[in-house]
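Student: Input: one structure, supplied below.
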Amino acid sequence: MESLSYVCKAAAEIVTYEELQERVRDPGTRGYVGFEPSGLVHIGWLIWMRAFKHLKAAGIDMYLLSADWHAWINEKLRGNLDLIELCGDYVIACIEAYGVNVPKDRVIHCRDYVNDPDYWHLVLKIAKMTTLARIKRAVTIAGRKESEAEANFSLLLYPCLQVADIFYHKFAICLGGTDQRKAHMLARDVSSKLGLRKPTAIHTPLLSGLRPIGATDIIDRKMSKSKPESCIFLHDNKDSVRSKIRRAYCPPKVTDGNPIVEIATLILLPEGTPLIVRLRDGSKREYLESNDLINDYANNLIHPLDLKEAVASALVSFLEPIQEKLKSDDRVIPFIKKVSSFEQITR
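Printed below as a string of structure tokens:
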């Protein structure tokens, strides 16, 4: 199956591949990806959106879970629940603009089930089965460091809520970035104690931020909306995209942790967007495969500025039809204006 092959090829990790094959054969298999409605969408989200689209095409009954209460716990958008809920609608609009059709009955909002005692019973059962040390380690799924839970006890509930989401909604497949691994592994570990089947986890790569930070920590390295100068938003105009890429970290011959190489290999080329790059010898080459680009850049056949120019042009063209759809969606522009104004007031 072509769509499943794509997911397997693009994933950073599948736990486990054998389980995934088995579950794809079951027409009743439910899968999901959860997102925090916490601000403006950046291009790093396109990686899991594409995996979501291919899982749907492979026959998995895929759901989107807008984790609004999780975002509230995490103090996103200053804990303003009204704005968080608007953000959830905005994110759905972005996903649809990208080209994923998500029926309303396949969109779940946390606010719609947090009043169910069965959900909280499940949260507490998971908490009773887990050590404090492990919960603190899992806080990183919220983009926080372990030490931050000392000042906000509710952050310790976050991993339990996320694991409970999986079992409450009977999801067999969990999709997320590699930063969500600790939650998915916790779910697999407690499943037997709950008398339930282990969920299968699919982890997609994370896109690095545009600025060098010399960090090995996954939270610090990844592209984040909280660092707008190191981030390309889905709505950024072409001048902004070109300017950000021009200033981006892109060391010669280095491919690991190079955000420009990653934009090409994790977003553009997998989408079938060819990359036409001028080589150091003055010739031009059209790249269709990630490995070819990685090899040539690592062997110093491409100057960083030429790679930046090629990636900027291709990304602008790729984003254009998405942005046209966003402009005509009343869930998008009003939210962007509102969140921009809100952030200025609350800084």
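Just so you know, we're using this note's numbering here: the sequence shown kicks off at 357 and counts up by one.
A virtual CB, placed ideally from N, CA and C, is assigned to each residue, including glycine.
(1) Taking all protein chains shown into account, decide if Asp-424 is buried (16 or more other Cβ within 10 angstroms of its Cβ) or exposed.
(2) Please state whether DSSP places Cys-466 in a helix, a strand or coil.
(3) In chain order, which continuous runs of the beta strand (DSSP E) of length 3 or greater are located wholly inside the region 414-501?
(4) Where Gly-415 and Arg-602 are concerned, what is the direct C-alpha to C-alpha distance, given to the nearest angstrom?
(5) So the beta strand (DSSP E) Leu-635 belongs to, where does it begin and stop?
(6) Below 8 angstroms on the Cβ atoms is my contact criterion, and I expect Ile-704 with Val-458 to pass it. Report the Cβ-Cβ distance as a whole number of Å.
(7) Please list the terminal residues of the continuous alpha helix (DSSP H) segment that includes Cys-530.
(8) Along the chain, where does the alpha helix (DSSP H) that runs through Arg-687 open and close?
(9) If you draw a straight line from the C-alpha of Ala-505 to the C-alpha of Asn-430, how long is it?
(10) Report the rounded CA-to-CA distance for Thr-534 versus Ser-510, giving the unit in angstroms.
(11) Hey, how far is the Cα of Gln-700 from the Cα of Leu-552?
(12) Measuring straight from C-alpha to C-alpha, what distance separates Arg-500 and Phe-527?
(13) With distances taken Cα to Cα, identify the nearest neighbour of Val-667 among Leu-649, Asn-656, Leu-433.
(14) Check the C-beta distance from Val-688 over to Ala-367 and give it rounded, since I have them as a contact under 8 angstroms.
(15) Checking 9 angstroms against the spacing of the C-beta atoms, do Ile-632 and Ala-670 come in under that value?
(16) Can you tell me which residues form a DSSP beta bridge with Arg-386?
(17) Examine the Cβ distances between the region 516-524 and the region 580-594 and report whether three or more of them are shorter than 8 angstroms.
(18) Do Leu-512 and Val-495 have their C-beta atoms closer together than 9 angstroms?
(19) Going by DSSP in three states, Glu-680 sits in which element: helix, strand or coil?
Tutor: Quick answer:
(1) Within the sequence shown, numbered from 1, the residue matching residue 424 stands at position 68. By the Cβ-count criterion, Asp-424 is buried, with 16 or more other Cβ atoms from all chains shown falling within 10 Å of its own Cβ.
(2) Taking the sequence shown and counting its residues from 1, the one referred to as residue 466 is at position 110. It is helical.
(3) 417-422, 463-465
(4) In the sequence shown, the residue the question calls residue 415 occupies position 59. In the sequence shown, the residue the question calls residue 602 occupies position 246. Going by the C-alpha atoms only, they are around 41 angstroms apart.
(5) Looking up residue 635 in the sequence shown gives position 279. Premise fails: Leu-635 is in no beta strand (DSSP E) and is neither H nor E.
(6) No answer is possible for residue 704: the residues shown for the chain start at 357 and end at 703.
(7) The residue given as residue 530 occupies position 174 in the sequence shown. Taken as a continuous stretch (DSSP letters only), Cys-530 belongs to no alpha helix (DSSP H), being part of the beta strand (DSSP E) at 529-533.
(8) Counting from 1 along the sequence shown, the entry for residue 687 is found at position 331. No alpha helix (DSSP H) holds Arg-687; DSSP gives it neither H nor E.
(9) Counting from one through the sequence shown, the residue named residue 505 turns up at place 149. Counting from one through the sequence shown, the residue named residue 430 turns up at place 74. When rounded, the distance between both Cα atoms is 10 angstroms.
(10) For the purposes of this step, residue 534 is identified with residue 178 of the sequence shown, where counting begins at 1. For the purposes of this step, residue 510 is identified with residue 154 of the sequence shown, where counting begins at 1. One C-alpha to the other measures close to 23 angstroms.
(11) Locating residue 700 in the sequence shown gives position 344, counting from the first residue. Locating residue 552 in the sequence shown gives position 196, counting from the first residue. Bear in mind that a pLDDT of 45 at Gln-700, under 50, signals an unreliable position, so the model cannot answer this.
(12) The sequence position of residue 500 within the sequence shown is 144, counting from 1. The sequence position of residue 527 within the sequence shown is 171, counting from 1. Here the alpha carbon of Arg-500 sits roughly 25 angstroms from the alpha carbon of Phe-527.
(13) As a position in the sequence shown, residue 667 is number 311, starting the count at 1. Taking only the C-alpha atoms, the option nearest Val-667 is Leu-649.
(14) On the sequence shown, residue 688 is found 332 positions in, with the first residue counted as 1. On the sequence shown, residue 367 is found 11 positions in, with the first residue counted as 1. Contact doesn't hold; Cβ gap of about 29 angstroms is too wide.
(15) For the purposes of this step, residue 632 is identified with residue 276 of the sequence shown, where counting begins at 1. For the purposes of this step, residue 670 is identified with residue 314 of the sequence shown, where counting begins at 1. Yes, Cβ-Cβ distance for Ile-632 and Ala-670 is below 9 angstroms.
(16) As a position in the sequence shown, residue 386 is number 30, starting the count at 1. Arg-386 is bridged to Asp-417.
(17) no
(18) Residue 512 sits at position 156 when you count from the first residue of the sequence shown. Residue 495 sits at position 139 when you count from the first residue of the sequence shown. Judged by beta-carbon spacing, Val-495 lies within the 9 angstroms limit of Leu-512, meaning their Cβ atoms are closer than that value.
(19) For this step, residue 680 is matched to residue 324 along the sequence shown. Glu-680: helix per DSSP, three-state reduction.
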